[in-house]
Amino acid sequence: MLHIETIDLYDRYAAERKGPGGQLTVYALQPIPKVDPNRRFPAVLILPGGAYAWVSPREAEPVAMRFLSRGFSCFILNYSCAPARFPVALREAALAMAYIRSEADRLHIDPAKVAALGFSAGGHLCGTLGTLYDRDEVADIAPADRLRPDALILCYPVSVSRGRTHRDSFANLCGDDRLLMDRLSLDRLVRRDMMPVFLWHTRTDDSVPVDGTLQLAAALAENDVPFSLHVFSYGRHGLATGDDLVYRRDNLPPVSDGVLDWPELAIRFLWENGFRIRDSQ
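For the sequence shown, position 180 (counting from the first letter as 1) is numbered 189 according to the numbering used here, and the numbering increases by one without interruption.
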């Protein structure tokens, strides 16, 4: 049983509209009454990529279908992109987290088990949500504990703002503000009280180099943050699920062994960190 709806977060919170995005699509699992009418499901907020220029459908509903099948309610955020600048997308992601937790009873969500999952630039947005949830940019939305994800899943993320990186993503997010770019480099935002982090990338990604993910992992290790890192030998950027859900069967991208198993690896990481269906006592 599945409850589906789309919410305009600006309308829901009577907030001043800062960009064209802010639509949250809900795919909430519903309990089977004869099993347990009061069970609660873990949830995942999905933030697709698109270089902060657009929101990729390849990294939206097909990903939700994989996580729904394993017992996770899913929420897909269509966030505002350029010309909207920081912190518009971050505020929309924070509004989404606030909405998920405020509607936890109605949607049968466990409010203590809400992860955020992001791809490419959406991975960067996911990382800023996981580090800036208690900062001034979002302080007026809700208390920090309502905005803080309980885990992060970063898929070929845009991580660092210097060296080998995806400069267009930072330009779309920050304009020409170099100081802001430096501030929003995820490796510099890592904090010791962070939630567990799952990261994956491919070595041959020629759009968002793997270097940034390795630097981010090093910063997580230095700060003793629990994380799991998977770097696969080869595969293009923007794989999403990498299968015929998101590519033509005659044009499937070549990938190394194990890449297409990343959703299961991420789900098992969440399970290890307590993201399980919770039945009533």
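C-beta: ideal position from N, C-alpha, C; glycine also.
Predicted, not measured: the structure shown is a model, and the values here were computed from it.
Suppose contacts are defined by Cβ-Cβ distances below 9 Å. Is residue i in contact with residue j by that definition?
i: Ile150; j: Ala103; result: yes
i: Cys183; j: Leu193; result: yes
i: His210; j: Tyr256; result: no
i: Ala160; j: Phe50; result: no
i: Ile41; j: Tyr108; result: no
i: Ala2; j: Ala60; result: As shown, the chain starts at 10 and ends at 290. That puts residue 2 outside it, with no answer to give.
i: Ala105; j: Leu86; result: yes
i: Lys27; j: Arg110; result: no
i: Asp214; j: Val169; result: no
i: Arg171; j: Asp191; result: yes
i: His246; j: Ser265; result: no
i: Met204; j: Gly139; result: yes
Can you check which of these residues, the options, is closest to residue i by C-alpha distance?
i: Phe81; options: Ile16, Ile55, Pro235, Thr213; result: Ile55
i: Gly58; options: Asp17, Pro29, Ala23, Cys135; result: Cys135
i: Asp202; options: Val234, Leu33, Asp215; result: Val234
i: Val97; options: Arg110, Pro66, Glu146, Tyr22; result: Glu146
i: Pro272; options: Leu208, Ser111, Ser65; result: Leu208
i: Pro158; options: Asp143, Glu68, Phe179; result: Asp143
i: His133; options: Cys90, Pro29, Glu112; result: Cys90
i: Phe95; options: Asp154, Ala153, Leu141; result: Leu141
i: Asn232; options: Glu70, Glu25, Val206; result: Val206
i: Thr174; options: Asp253, Arg79, Pro120, Leu225; result: Leu225
i: Pro92; options: Gln39, Gly127, Gly30, Phe241; result: Gly30
i: Phe236; options: Ser178, Pro152, Ala275, Glu25; result: Ala275
Where does residue i land, buried or exposed, given buried means 16+ other C-beta within 10 angstroms?
i: Lys122; result: buried
i: His12; result: exposed
i: Gly251; result: buried
i: Glu14; result: exposed
So residue i is in the alpha helix (DSSP H); what residue range does that whole segment cover?
i: Trp209; result: Unbroken run through Trp209 is the beta strand (DSSP E), 206 to 211; no alpha helix (DSSP H).
i: Phe278; result: 271 to 281
i: Asp191; result: 187 to 192
Starting from residue i and walking both ways along the beta strand (DSSP E), at which residues does that stretch end?
i: Tyr36; result: 32 to 38
i: Thr174; result: From DSSP, Thr174 is part of no beta strand (DSSP E); its letter is neither H nor E.
i: Asp17; result: 11 to 17
i: Val54; result: Reading the sequence as shown, one finds Leu at residue 54 and not Val. Where Leu54 is concerned, the enclosing beta strand (DSSP E) stretches over 50 to 56.
i: Leu163; result: 160 to 164
For the ligand NAD, is there a heavy atom less than 8 Å away from the beta-carbon of residue i?
i: Ala93; result: In the structure shown, the ligand NAD is absent, as is every other ligand, since no ligand is present at all.
For a minimum of 4 consecutive residues, which ranges assigned as the alpha helix (DSSP H) are wholly contained in the stretch 228 to 267?
none
Which complete beta strand (DSSP E) runs does the stretch 67 to 126 hold, if anything under 3 residues is left out?
Runs of the beta strand (DSSP E) spanning 3 or more residues and lying entirely within the stretch 67 to 126 occur at 82 to 87, in chain order.
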